[in-house]
Ligand code: SF4
Ligand code: SF4
């Protein structure tokens with residue numbers, strides 16, 4: 001009890017809430033483990049609470065003056081007779097969030113060629129052909145697509161070249177980079193380029209072009225030689241060697257921050273988490289994305305199989321993340337990108353733009369794909385699905401449709417509407433909702449409808465597990481917390 | 001510690017002033033005659049020539065009596081005054097108030113002692129008096145300030161209580177000192193009325209900052225600290241309104257026994273709700289005014305809140321907010337956040353302990369309020385020679 | 001799959017909707033029959049680990065009950081906040 005002069009009133013005198021009465025503000029919760037829950041609100045504030053605290057909160061029995069009461073109040077979970085400014089603050093944050101969504105497409109993927117020098121089994125899209133041009137994007141198609149790119153209101157525009165193997169059509173990459181750069185003089189956007197390539201065809205000339213245009217390279221490295229080559233057969237079985245050499249060359253010519261690698265996770269990867277991470281360390285890479293098993297290409301699996309896959313994949317992820325945290329503890333900064341994304345969703349006051357983790361579905365809003373033939377898709381997965389014969393997510397074609405036709409196409413609007421996670425059963429009152437998203441293409445591919453039953457969904461299962469794991473690491477493991485906090489980027 | 005006012009002045013010649021006289025000091029006796037009536041001649045030694053026609057002649061030595069009107073022997077404690085400084089001379093009491101020292105590191109104008117809050121640690125306890133003359137003083141002094149002055153401040157009390165006169169002060173600052181920053185200390189509550197924020201923004205001052213205190217992350221505690229119901233809501237709404245009008249805002253957090261525990265939560269609250277503010281200052285307590293009389297309930301050794309301070313600063317800095325630590329000795333600030341420490345104490349009330357004499361970091365360290373020397377941290381530890389913090 | 005198991009809830013305490021929503025969350029584990037009769041809501045199912053699933057259902061119903069209270073009590077204020085969010089003048093920066 002403070003000892004103040006007579007002119008001052010004590011703390012209780014300033015509590016205008018009558019009998020500690022308060023009003024609940026919109027929030028959701030989800031169980032973390034046997035004892036604890038995550039309580040969150042629409043704008044992403046959260047508290048980890050016990051079952052008793054949760055029930056007290058909802059039944060309005062939280063003792064006034066307690067730390068828990070003030071925590072709830074400070075994070076906009078309640079208003080009382082003493083203060084209602086939380087309503088203003090929430091409204092403001094809703095608006096900020098909405099504006100982010102309304103900024104639309106920042107990532108534009110150009111599939112410049114479907115041809116590839118690899119013969120990967122899991123790849124649904126590459127084509128081996130003698131007719132060079134049947135599966136290459138034409139300049140005319142590129143022109144039309146670029147026209148659409150610059151219609152996007154987003155202040156940042158990232159153009160990503162994909163394949164097949166995009167370097168097989170490098171002349172078109174040059175063409176697009178030159179035209180986009182020239183066009184951008186007028187638009188003054190923050191314009192970036194990425195080439196997703198296996199690097200085997202990378203020449204010094206290409207490197208110097210990338211260097212002079214600040215182009216970022218993204219390659220595939222699945223792990224140690226044997227695993228990589230088993231995943232990615234190339235005639236001659238020299239894929240790993242070429243990739244590793246390419247990474248080194250690119251690191252030297254462009255700088256280490258200009259080349260990153262992604263892995264594809266297959267059955268064979270699951271027991272090899274540590275070896276895969278070591279391969280990344282050995283090649284001087286600073287991050288890895290422990291990607292989930294792709295459902296595309298395993299189209300005939302049963303529902304149960306997806307859940308089973310999720311469980312096995314999660315063990316792989318956990319082992320990998322443990323190892324990565326150990327590496328960080330030993331004084332070397334190395335980041336797992338999906339975890340980084342989740343930690344940022346949880347802790348950063350800013351939001352991240354990864355397509356899968358957004359509500360409404362980031363598809364078509366954060367990314368748009370221009371296929372070699374001019375067809376437009378709402379995400380890379382939508383395009384893969386189309387190559388497997390299911391064109392459900394085709395939004396139009398650059399030669400036939402304008403920007404409005406595409407962005408207001410029934411396909412896209414249906415996708416957006418059916419995926420507002422605020423209205424999806426289970427998501428609607430899931431505490432992870434503000435950090436989660438929807439993946440209409442995934443649910444269409446696995447369950448035959450864009451929303452899907454989340455209890456059966458591998459997407460939901462995977463996210464729940466990761467969210468729980470990350471939140472509990474933050475809560476229970478001070479060393480891990482320190483590392484993870486270091487991954488929050490403002 | 002430098003004295004900023006004194007009545008210890010003596011009349012030497014015929015005093016023609018009936019009303020308070022605000023003037024710029026000059027040491028140039030040859031000033032054109034037309035300019036002399038509005039200036040005060042500063043005479044530093046008895047050999048210096050004294051000329052006719054100055055509004056005031058301040059004799060800063062004890063030898064002889066000049067034969068001019070309006071001559072005053074300057075109090076010894078004010079003899080640091082120099083040309084370009086601005087003073088106010090009150091003929092009835094012979095009091096001289098120093099309104100502006102060109103050499104000072106901070107130039108603040110107290111424009112009222114009245115306030116709509118009553119903070120338990122206020123260093124300038126509010127008084128309900130009619131002090132509108134303070135507005136006039138500032139308006140009179142502004143044209144006399146050196147145009148190179150980097151920044152001036154408006155403080156109180158609560159300056160916005162003057163309403164339209166408050167806006168007038170900002171306008172005059174902009175007109176007379178277009179290249180000088182203006183820092184306003186306000187509790188922000190009156191800006192809950194968006195029209196005041198709009199009027200302030202409409203002045204279009206090119207380099208303005210409103211410093212607004214926020215002491216807690218929830219209403220009951222903030223309201224208790226400022227001893228005013230609804231103050232938390234008013235202040236937050238005020239900040240939002242100012243930012244809606246694009247007026248730069250600084251949040252000022254004085255740390256003491258009543259609020260240090262939730263400092264990290266307050267930092268988080270700011271990153272989540274007020275990320276658009278332009279600066280956050282975490283400040284040690286100045287043992288003056290109410291802070292002195294309520295010291296028992298307020299004092300906490302900065303060493304004992306070092307963890308809270310570190311976490312709070314890191315939270316704010318990680319969110320890319322500009323953050324500073326004011327009024328806290330360098331040696332008690334945890335190493336990871338030491339680089340946010342700023343020498344913030346106005347020079348006239350800034351002192352060091354004896355122990356600081358041998359400290360290699362003294363030049364970077366902000367030291368102490370003169371009034372705090374008696375209640376310094378028990379953990380002051382001079383940095384060894386050669387140490388660069 | 002093992003034999004039929006039944007879990008009963010007092011209809012005065014839990015609404016049918018609450019029980020249904022809770023069961024949705026368990027729909028990866030089994031299929032459920034729900035009957036409501038004489039003040040009791042009965043859920044029957046068969047599962048490999050019937051006791052484990054019965055516990056899970058009870059917990060989910062308790063949680064869902066809290067969820068339903070929460071969303072009922074906050075529906076109005078959510079509308080208010082949203083209206084506020086999209087009518088107010090912008091915070092510019
Ligand atoms: S998908 Fe699953 S984890 Fe994500 S919000 Fe919906 S229920 Fe929650
Ligand atoms: S010992 Fe050094 S760092 Fe500490 S207060 Fe004195 S001058 Fe500052």
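Residue numbers (full-length UniProt numbering), protein chains in the order written: chain A, 1 to 490; chain B, 1 to 389; chain C, 1 to 93.
Even glycine gets a Cβ: it sits at the ideal position worked out from N, Cα and C.
Since this is a predicted model, take the numbers as computed values, not measurements.
Check: residue i C-beta below 7 Å from any heavy atom of ligand 1
i, result
"residue 453(A)", "no"
"residue 466(A)", "no"
"residue 463(A)", "yes"
"residue 426(A)", "yes"
"residue 46(A)", "no"
"residue 26(C)", "no"
"residue 432(A)", "yes"
"residue 314(A)", "no"
Cβ neighbours of residue i in the same chain (closer than 7 Å, five flanking residues each side left out)
i, result
"residue 409(A)", "395, 396"
"residue 474(A)", "481, 484"
"residue 298(A)", "Reliability fails at residue 298(A), whose pLDDT of 41 lies under 50, so the model's placement of it is uncertain and the value that follows must be treated cautiously. Hits under 7 Å: none found."
"residue 93(A)", "43"
"residue 383(B)", "331, 359, 360, 361, 389"
"residue 12(C)", "39"
"residue 429(A)", "28"
"residue 101(B)", "85"
"residue 289(A)", "262, 263, 337, 338"
Own chain partners of residue i with C-beta closer than 8 Å, once the 5 adjacent residues on each side are dropped
i, result
"residue 93(C)", "With a pLDDT of 33 at residue 93(C), under the threshold of 50, the predicted position of this residue should be treated as unreliable, though the coordinate-derived value follows. Closer than 8 Å at Cβ, skipping near neighbours: no residue."
"residue 302(A)", "With a pLDDT of 44 at residue 302(A), under the threshold of 50, the predicted position of this residue should be treated as unreliable, though the coordinate-derived value follows. Cβ neighbours of residue 302(A) beyond the five flanking positions: none."
"residue 470(A)", "339, 342, 343, 346, 484"
Spatially closest choice to residue i from the options, by CA coordinates
i, options, result
"residue 51(A)", "62(A), 41(A), 231(A)", "62(A)"
"residue 45(B)", "58(B), 7(B), 54(B)", "58(B)"
"residue 7(B)", "75(B), 384(B), 311(B), 192(B)", "75(B)"
"residue 20(B)", "198(B), 3(B), 112(B), 133(B)", "133(B)"
"residue 257(A)", "186(A), 65(A), 211(A)", "211(A)"
"residue 106(B)", "348(B), 386(B), 352(B)", "348(B)"
"residue 305(B)", "167(B), 161(B), 261(B), 156(B)", "261(B)"
"residue 333(A)", "74(A), 82(A), 198(A), 286(A)", "286(A)"
"residue 309(B)", "320(B), 283(B), 319(B)", "283(B)"
"residue 375(A)", "398(A), 426(A), 241(A), 462(A)", "398(A)"
"residue 113(A)", "39(A), 197(A), 48(A)", "197(A)"
"residue 144(B)", "199(B), 198(B), 83(B)", "83(B)"
Whole-angstrom C-beta distance between residue j and residue i, which should lie under 8 Å
i, j, result
"residue 111(A)", "residue 372(A)", "5 Å"
"residue 311(B)", "residue 317(B)", "Incorrect: roughly 11 Å between the Cβ atoms, too far for contact."
"residue 150(A)", "residue 187(A)", "5 Å"
"residue 122(B)", "residue 290(B)", "5 Å"
"residue 113(B)", "residue 129(B)", "6 Å"
Closer than 7 Å: residue i CB and nearest ligand 2 heavy atom
i, result
"residue 384(B)", "no"
"residue 380(B)", "yes"
"residue 349(B)", "no"
"residue 331(B)", "yes"
"residue 309(B)", "no"
"residue 326(B)", "no"
"residue 24(B)", "no"
Same chain, Cβ closer than 6 Å to residue i, neighbours up to 5 away in sequence not counted
i, result
"residue 518(A)", "Because chain A here runs from 1 to 490, residue 518(A) falls outside it and cannot be looked at."
"residue 276(A)", "223"
"residue 340(B)", "313, 323, 324, 325"
"residue 476(A)", "none"
Residue i CB to nearest heavy atom of ligand 4 below 7 Å
i, result
"residue 459(A)", "Ligands in the displayed structure: ligand 1 and ligand 2; ligand 4 is not one of them."
Are the region 9–24 of chain B and the region 62–77 of chain B in contact at 8 Å, needing three or more beta carbon pairs? yes
Are the region 206–216 of chain B and the region 228–248 of chain B touching by the rule of at least three beta carbon pairs closer than 8 Å? yes
contact_flag[the region 354–371 of chain B, the region 312–332 of chain B] where n(CB pairs < 8 Å) is 3 or more: yes
For the region 342–357 of chain B and the region 253–268 of chain B, state whether three or more C-beta atom pairs, one from each stretch, are separated by less than 8 Å. no
For the 8 Å Cβ check, are there 3 or more pairs between the region 65–84 of chain C and the region 14–25 of chain A? yes
Touch check for the region 459–478 of chain A and the region 36–51 of chain B: three-plus C-beta pairs under 8 Å? no
Determine contact between the region 39–54 of chain C and the region 3–17 of chain C, defined as no fewer than three beta-carbon pairs at a distance below 8 Å. yes
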